[in-house]
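Okay, so here's the structure we're looking at.
Residue numbers (this note's numbering): 60 to 214.
Rendered as structure tokens:
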């Protein structure tokens with residue numbers, strides 16, 4: 060398996076990774092340290108990632124979790140930090156050229172595509188200010204390039 064690319068402390072680190080299936084949809088992600096001996100086990104349970112074995116500094120642990128999310132969590136299309144808290148953005152496609160945007164599983168916006176005018180429109184309902192118009196335009200760009208999928212029937 061391809062090594063996990065981890066961005067932390069203004070550099071890029073690579074860790075050997077293996078995945079162990081524990082059944083019932085649970086998996087352990089085992090990282091091997093650069094010494095080839097140290098093991099770090101990360102697990103995703105009930106939507107939350109945590110380090111279940113091994114000690115890492117908090118910033119490295121967060122960087123590993125970000126790398127695991129980017130690599131293995133296919134529903135997450137963006138990660139950013141707001142007031143020191145990680146925000147995971149999920150864009151869920153719906154039928155009828157419609158997408159709902161969720162941040163940390165909370166609904167914040169809708170994007171729609173009008174097939175007659177061939178334009179995207181959006182309705183941002185986030186009053187907290189976490190998601191901005193720039194974020195929405197970024198996700199519209201990803202939809203336009205196919206990074207975020209469309210329902211093929213309606214297109």
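Just so you know, even glycine gets a beta-carbon here, dropped at the ideal spot from N, CA and C.
Computed from a predicted structure; not experimentally measured.
Would you report the Cα separation of residue i and residue j, rounded to the nearest angstrom?
i	j	result
residue 172	residue 166	19 Å
residue 77	residue 125	17 Å
residue 142	residue 64	25 Å
residue 214	residue 175	Since pLDDT at residue 214 reaches only 42, below the 50 mark, its modelled position is unreliable, and the value read off the structure follows with that caveat. Rounded to whole angstroms, residue 214 to residue 175 spans 11 Å at the Cα level.
residue 203	residue 150	13 Å
residue 117	residue 96	21 Å
residue 79	residue 110	15 Å
residue 178	residue 205	15 Å
Taking residue i as the reference, which of the options has the closest Cα?
i	options	result
residue 139	131, 122 and 152	122
residue 136	73, 194, 67 and 68	194
residue 199	185, 158 and 119	158
residue 119	205, 85, 86 and 74	74
residue 207	108, 134 and 180	134
residue 91	60, 84 and 186	60
residue 201	186, 154 and 148	148
residue 102	93, 94 and 132	132
residue 106	62, 69 and 128	128
Please confirm whether residue i and residue j have their CB atoms less than 8 Å apart.
i	j	result
residue 144	residue 209	no
residue 182	residue 168	yes
residue 112	residue 100	yes
residue 81	residue 104	no
Quiz item: How about the segment 154-162 and the segment 172-192: do they share at least three Cβ pairs that are nearer than 8 Å?
Solution: Touching, yes, given that three or more Cβ pairs across the two stretches are closer than 8 Å.
Exercise. Could you tell me which uninterrupted beta strand (DSSP E) segments, each at least 3 residues in length, are contained entirely in the segment 79-158, listed from first to last along the chain?
Key: The qualifying runs are 85-91, 98-104, 107-112, 135-141 and 144-153.
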